[in-house]
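Asker: Shown below is the structure under consideration.
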Ligand code: AMP
Ligand code: MG
């Protein structure tokens, strides 16, 4: 039996929207054959990292399944604590996480951080260099100037943007992996790991599931999906890519096995001022919204990489984005422009089925 699961990214503030990805999950094992006849689906959902995290674990033993679920959610909570710039209780919360500490010590001193934080920053820096700074985790001051993460968002003046931009430069971040320290040399600099932390958390959660002996699982965290193994019947998991302009519809279905699909979109977090929509993916070369794409989806074995790249490609736009990603081994992408033209990497053609809905056209 197939169950159609629609996963909503619940609104934390009114600017935070909406549905990200739709998944077809084979919940029970009718038709799975004898081998998997005793398999059961254990699922749970929790609101973590400002998003609804939903985990399906499929195994034969209830105790094992429930313990694995808990481990997966614990991983998300741990990474959220390390990376969240705006934790509940504010920055003076009793045990500040790594990003709060790093940002609080900008211009003062290096901060000792966890191995996870070092890994997230190092991978982000790798792709920052590769994309010429399209992905830049020092984007914090610019995000602040637009009010993202705060209660009120507004369009900053050009002067406010250029002041914030003078604090953005990934090349200035000093990471010492031996000592596990991170230093932002200029006062006012701040890291924002919003474009990568969820992907990293997903990879760590998958690692925990694998270590717990889980062979079939699906994790969905607001736009990021990881398919562990196959469905119980041996077929790949099927994941829908949302229509960026109609959250009820999907434009294509992906087949996934032991890989991640991460979507970035201009509809995931935005505000409106005087009839113009301002979203949360910023081009670090201008300090303003990247507007050449409305949605990007990246498929890769690593959810961390797919998360970084979905944001990076959004900034690079269709032309530079496509030529960049076509050169990356093991990485595929679907890019959608405001004109509803869809660009797909060559290696993805056999993994993708278009629904034909929504008037989207494949770019020639
Ligand atoms: P995602 O939904 O993964 O595309 O991530 C978007 C989030 O990444 C934003 O909410 C910001 O926290 C952060 N961000 C925005 N622009 C950039 C950028 N150019 N480079 C790195 N992170 C960014
Ligand atoms: Mg991302």
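Numbering (the working numbering), first residue to last: 2 to 365.
Just so it is clear, CB atoms sit at the ideal spot from N, CA and C, and this is done for glycine as well.
#1: Give the straight-line distance between the Cα atoms of residue 62 and residue 43, rounded to the nearest whole angstrom.
#2: Is residue 351 helix, strand or coil when you go by DSSP?
#3: Just verifying my parser: in three-state terms, what is the DSSP assignment at residue 216?
#4: Going by the DSSP bridge assignment, what does residue 238 pair with across the sheet?
#5: Leaving out the 5 sequence neighbours to the left and right, which residues in its chain are closer than 8 Å to residue 289 when beta-carbon positions are compared?
#6: In whole angstroms, what is the alpha-carbon distance linking residue 338 and residue 294?
#7: At which residues does the beta strand (DSSP E) containing residue 129 begin and terminate?
#8: Can you tell me whether residue 312 sits near the ligand AMP, meaning its C-beta is under 7 Å from at least one heavy atom of the ligand?
#9: For residue 116 and residue 47, I'd like the C-alpha separation in whole angstroms.
#10: Start and end of the beta strand (DSSP E) containing residue 282?
#11: Alpha carbons only, please: which of 257, 99, 245 and 242 is nearest the one belonging to residue 176?
#12: Could you tell me whether any non-hydrogen atom of the ligand AMP is closer than 7 Å to the CB of residue 154?
#13: Leaving out the 5 sequence neighbours to the left and right, which residues in its chain are closer than 8 Å to residue 188 when beta-carbon positions are compared?
#14: Closer than 6 Å by C-beta to residue 81: which residues in its own chain qualify, once you throw out the five before and the five after it? Chain order, please.
#15: Quick one: what does DSSP say residue 289 is sitting in, helix, strand or coil?
#16: Give me the Cα-Cα distance between residue 39 and residue 334, rounded to the nearest whole angstrom.
#17: Between residue 301 and residue 261, which are expected to be in contact by the criterion C-beta below 8 Å, what is the C-beta distance as a whole number of angstroms?
Answerer: To lay it out plainly:
#1: As a working mapping, residue 62 is identified with position 61 in the chain shown. As a working mapping, residue 43 is identified with position 42 in the chain shown. Cα to Cα, residue 62 sits roughly 10 Å from residue 43.
#2: Here residue 351 refers to the residue found at position 350 when the chain shown is read from its first residue. In this structure, residue 351 counts as helix in the three-state DSSP scheme.
#3: By 1-based counting over the chain shown, the position of residue 216 is 215. Correct three-state label for residue 216: coil.
#4: Sequence index remark: in the chain shown, residue 238 carries index 237 (1-based). Residue 238 is bridged to 257.
#5: The sequence position of residue 289 within the chain shown is 288, counting from 1. Only 162 and 283 meet the Cβ criterion.
#6: Taking the first residue of the chain shown as position 1, residue 338 is located at position 337. Taking the first residue of the chain shown as position 1, residue 294 is located at position 293. Computed Cα separation, rounded: 4 Å.
#7: Locating residue 129 in the chain shown gives position 128, counting from the first residue. Careful: residue 129 lies outside any beta strand (DSSP E), inside the alpha helix (DSSP H) at 116–131.
#8: As a working mapping, residue 312 is identified with position 311 in the chain shown. Checking every heavy atom of the ligand AMP against the Cβ of residue 312, one is found closer than 7 Å.
#9: Residue 116 sits at position 115 when you count from the first residue of the chain shown. Residue 47 sits at position 46 when you count from the first residue of the chain shown. One C-alpha to the other measures close to 25 Å.
#10: One-based indexing of the chain shown puts residue 282 at position 281. Premise fails: residue 282 is in no beta strand (DSSP E) and is neither H nor E.
#11: As a working mapping, residue 176 is identified with position 175 in the chain shown. Ranking 257, 99, 245 and 242 by CA distance to the CA of residue 176 puts 99 first.
#12: Residue numbering aside, residue 154 sits at position 153 when the chain shown is read from its first letter. No, the Cβ of residue 154 stays beyond 7 Å of every heavy atom of the ligand AMP.
#13: Your numbering for residue 188 matches position 187 in the chain shown. Excluding positions up to five away in sequence, the list reads 107, 108 and 109.
#14: Taking the chain shown and counting its residues from 1, one reaches residue 81 at position 80. Excluding positions up to five away in sequence, the list reads 49 and 50.
#15: Here the question's residue 289 lines up with position 288 in the chain shown. Residue 289: strand per DSSP, three-state reduction.
#16: On the chain shown, position 38 is the one that residue 39 refers to. On the chain shown, position 333 is the one that residue 334 refers to. So the two alpha carbons sit approximately 36 Å from each other.
#17: Indexing the chain shown from 1 puts residue 301 at position 300. Indexing the chain shown from 1 puts residue 261 at position 260. Their Cβ separation, rounded to whole angstroms, is 6 Å, which keeps residue 301 and residue 261 in contact under 8 Å.
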